[in-house]
Amino acid sequence: MKTVTALAPIGATLSATAGQGSSTPQKWNLLRAVEEAREPLGLKSTTLNVLRAMISFVGSDQIAADQDDHHICFASNAAIAKRTHVSVQTVERHISTLVELGLIRRVMSANGKRWARRDRQGRVVAATGLSLMPLSERHALFIQEAQKHADRVLEFTVLRDKVSAALARLRDLVADDTTISDLMVTVRNALRRKPDAIVLGELLAEISVEISQITQADTEDLRANDHENEGHKEDSLNPIVKKEKHSQVQVSPDQMERSFPRLCSELRFARDQAHCDRLMDDIAEYLRLGQTWYAMKSTHGPALRFMVLGYIFQRAENIKSHQAYLISLTSKIDRGDMQPTALLTQNSK
């Protein structure tokens with residue numbers, strides 16, 4: 027069974043067991059919860075494989091204390107090793123790990139052997155070995171640990187995306203990469219080594235300072251140039267005029283359908299403009315465009331927002347960081363390096 031780390035399957039596990047007429051989840055759902063929590067528990071794949079083999083030796087579908095063979099694995103280490111395709115010594119080592127982590131308990135005889143006693147009908151009436159009851163007893167805890175871990179992973183991923191997007195924004199602002207080469211190397215090395223959240227937060231703050239300094243200097247340069255340039259040149263540098271031009275971009279329905287069929291399909295049943303805006307916000311959330319999207323809503327017109335979102339959504343699978351791509355795209359349009367109509371041309375090819 028493949029390990030899954032998303033939250034949705036955990037909820038599916040709970041709902042699947044709720045309607046079975048028993049408060050005890052099926053044994054494979056118990057294993058599923060442990061697999062979900064494998065990282066916070068520090069479990070390796072081989073340890074999980076050994077546990078999976080032990081569960082397969084339990085005859086009942088559920089781990090329950092009412093009968094020994096419903097929770098005690100009395101198979102030998104050799105039998106478990108054969109089913110797991112590892113050595114007996116490996117099985118012994120990973121069983122010790124499972125015991126130390128409290129996932130199984132030893133229920134051994136005086137001589138330390140595992141055995142089962144059966145009645146005339148072949149039913150197990152007494153057994154010693156490895157009890158799997160902790161899987162049932164701690165099931166809710168495993169689910170909780172998996173959810174906490176998924177939340178931490180999501181928070182880390184968002185922070186990592188913010189750092190990548192900020193670095194892309196910084197590279198887009200500077201004329202010469204060599205001026206920030208040391209910072210770029212530091213960020214790249216940090217992302218490659220899977221840093222903790224504190225390191226990422228510090229890097230994001232450092233990049234934000236650099237961006238703030240550059241944008242402040244650019245604003246001062248624009249103000250100085252306003253007094254030196256004439257008429258249309260002054261307008262071309264004026265961010266207010268740019269904002270007005272962006273808000274005046276018009277796109278026909280035919281152009282929308284032809285260039286952005288994926289986005290148009292999602293918005294086809296919008297009841298009104300407000301509903302359409304909410305659907306676009308949902309798609310932006312799906313693409314993890316973050317605050318960059320909401321900031322764009324206050325600086326760019328609805329047609330341009332539609333074009334940019336449709337452009338990214340149309341090729342989403344080929345873009346590594348959607349937020350960084352959005353930052354780069356809007357920067358090119360704002361600087362005049364790309365005309366908004368180019369989005370229509372490139373997407374219709």
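Heads up: the sequence shown runs through residues 27 to 375, numbered per the working numbering. Positions of the beta carbon are idealized from the N, C-alpha and C atoms, including for glycine. Computed from a prediction, not measured in an experiment: that's the story for all the values here.
Proximity below 8 angstroms, CB of L158 to CB of I130: yes
R314 versus D303, K346, M364 and T212, residue with shortest Cα-Cα distance: K346
8 angstroms Cβ cutoff met for I21 and S162: The displayed coordinates of the chain run from 27 to 375. Any statement about residue 21 would go beyond what the structure contains.
CA nearest to the CA of G105, picked from L77, E126 and A91: In the sequence under discussion, the amino acid at residue 105 is Ala, which differs from the Gly named in the question. Cα-wise, what sits closest to A105 is L77.
Buried versus exposed call for W319 [16 or more other C-beta atoms within 10 Å across all chains shown]: buried
Short Cβ contact (8 angstroms threshold) for P366 with M333: yes
Pairwise C-alpha distance: R297 and I359: 30 angstroms
Length of the line joining the Cα atoms of G138 and E126: 18 angstroms
Nearest-angstrom Cα separation, counted from L156 out to L226: 44 angstroms
According to DSSP, residues forming a beta bridge with V117: Paired residue(s): none; V117 is not in a bridge.
C-alpha distance - Q386 paired with P221, whole-angstrom precision: The requested residue 386 does not occur in the structure, where the chain is confined to residues 27 to 375.
Integer Cβ distance of H120 from T183, believed to fall under 8 angstroms: Incorrect: roughly 30 angstroms between the Cβ atoms, too far for contact.
Exposed unless 16 or more other CB atoms sit within 10 angstroms - verdict on K53: buried
Own chain partners of Y351 with C-beta closer than 7 angstroms, once the 5 adjacent residues on each side are dropped: I338 and I345
Proximity winner among E228, L370, S113 and K174, relative to R284 (alpha-carbon distances): L370
C-alpha distance - P66 paired with H175, whole-angstrom precision: 7 angstroms
Distance between M80 and V117 (C-alpha atoms, nearest Å): 10 angstroms
Expected contact under 8 angstroms - CB spacing of T356 and M306 to nearest Å: 15 angstroms between Cβ atoms; not a contact.
Rounded separation between L196 and V235 - CA only: 10 angstroms
Cα-Cα separation between H301 and E311, rounded to whole angstroms: 15 angstroms
Coarse secondary structure for A142, derived from DSSP in three states: strand
Start and end residues, alpha helix (DSSP H) containing G316: G316 to K323
Backbone secondary structure at V189 - three-state DSSP: helix
DSSP beta-bridge partners of S157: I98 and R131
Exposure of T462, with buried meaning 16 or more beta-carbon neighbours within 10 Å: There is simply no residue 462 to check, as the chain begins at 27 and stops at 375 in what is shown.
Pairwise C-alpha distance: L124 and K70: 11 angstroms
Coil, strand or helix - A136 by DSSP: coil
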